[in-house]
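Under this note's numbering, residues 180 to 378 are what the sequence shown spells out, in order.
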Amino acid sequence: MTSESRQKEKLRCIKERTLLTHLQCALIAFISTKADIKLSPPKRVSRLSQDFLNISSITFLTENPLFTLNFKDFIKRRKKEKNAEMLKNGIDYRIMERKIQNEKKREILHLLEDILFEDGFIVYYENENREGIRGNVFIQMPDKQIVNKEMIIKLGESIEKYCSDRFIEKRKQNISIEMIILTKEKVLNIINETDVDRV
C-alpha cells in the first residue's frame with residue numbers, strides 16, 4: 180500500500196467515525212424528547228474525529244414509574260456474553276478485545292435506533308463497518324418526514340460541540356463528577372441556537 184493510499188484510507192476512516200458520532204448525537208437529540216440522557220466524558224479525547232458520546236444512562240420520563248436504562252451495565256453484560264462466546268470458539272484474547280471494542284459503538288448505536296424504532300423512527304445508512312458508517316444516511320420520522328445526511332451532520336455537530344464544551348468547562352473548574360445531562364429543553368436550545376432546520 181502506498182503512502183498516498185494509506186493517507187486516503189486514514190481520511191476515509193476518520194470521516195466514517197465522525198459520521199457515526201453525528202448520527203449518534205442526532206439519535207440522542209430525538210430520544211431527549213422523552214428521556215434525560217446522562218453523559219460522562221470520553222476516556223480518551225480524539226484528535227482527528229469527533230468523540231463518540233459516552234452514555235451513562237437514559238431515564239425515560241414517559242414511563243410510570245420512571246425507568247432508567249443503565250448503559251454502562253448493559254455494555255459490560257454484552258461484553259461478558261461476547262467474551263464467553265469468543266472463548267468458546269477459540270479466539271485469541273487480544274483479537275477478542277479488539278473485536279469487542281470495535282463492536283461496542285455499533286451496539287450502542289443499534290440500541291439507540293431500537294429505542295427510537297418503538298416511536299416509529301427508521302434509521303438508514305448504506306454501509307456500516309468496524310470504523311463507522313458511510314454513504315447515504317437519513318432518519319425517517321414517524322410522520323414520514325426525512326432528516327437527511329446534511330441535517331444529521333449539522334445536528335450532530337451542534338450536540339457534540341455542546342457536550343464537548345461542557346466537559347471542558349467542568350474540567351477547568353475541577354468538578355469531580357463531570358457528568359452532564361441532556362434534557363429536552365437543552366437539546367431544543369441547542370437546535371434553536373444553530374440553523375439545523377435550515378439545512
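Glycine is no exception: its CB is placed at the ideal position from the N, C-alpha and C atoms. These figures come from a predicted structure and were not determined experimentally.
Test item: CB-CB of residue i and residue j under 7 Å
| i | j | result |
| --- | --- | --- |
| residue 204 | residue 310 | no |
| residue 218 | residue 331 | no |
| residue 319 | residue 301 | yes |
| residue 214 | residue 247 | no |
| residue 294 | residue 208 | no |
| residue 313 | residue 286 | no |
| residue 341 | residue 370 | no |
| residue 290 | residue 206 | no |
| residue 231 | residue 187 | no |
| residue 235 | residue 259 | no |
| residue 367 | residue 216 | no |
Residue range of the alpha helix (DSSP H) that includes residue i
| i | result |
| --- | --- |
| residue 262 | 250-267 |
| residue 281 | 272-296 |
| residue 368 | 363-372 |
Among the options, the one whose alpha carbon lies nearest that of residue i
| i | options | result |
| --- | --- | --- |
| residue 315 | 199, 296, 263, 262 | 199 |
| residue 317 | 304, 342, 267 | 304 |
| residue 222 | 362, 343, 365 | 343 |
| residue 242 | 251, 268, 212, 254 | 212 |
| residue 384 | 274, 276, 321 | Past the boundaries of the shown model lies residue 384; the chain is included only from 180 to 378, so the question cannot be answered. |
| residue 307 | 255, 196, 280, 348 | 196 |
| residue 349 | 185, 299, 254, 220 | 220 |
| residue 328 | 190, 181, 185, 202 | 202 |
| residue 190 | 181, 216, 210, 228 | 228 |
| residue 334 | 345, 347, 373 | 373 |
| residue 280 | 269, 266, 268, 261 | 261 |
| residue 363 | 240, 233, 185 | 240 |
Terminal residues of the beta strand (DSSP E) in which residue i lies
| i | result |
| --- | --- |
| residue 313 | 312-319 |
| residue 385 | Past the edges of the chain, shown from 180 to 378, lies residue 385, and the structure says nothing about it. |
| residue 245 | Where residue 245 is concerned, there is no enclosing beta strand (DSSP E), given that its DSSP letter is neither H nor E. |
Three-state secondary structure (DSSP) of residue i
| i | result |
| --- | --- |
| residue 232 | coil |
| residue 343 | helix |
| residue 181 | coil |
| residue 305 | strand |
| residue 188 | helix |
| residue 209 | helix |
| residue 378 | With a pLDDT of only 43 at residue 378, under the threshold of 50, the placement of this residue in the model should not be trusted; the figure read from the coordinates follows. Reduced to three states, the DSSP call for residue 378 is coil. |
| residue 240 | coil |
| residue 326 | strand |
| residue 360 | strand |
| residue 352 | coil |
Min CB distance residue i to chain C below 7 Å
| i | result |
| --- | --- |
| residue 294 | Protein chains in the displayed structure number just one, and chain C is not present. |
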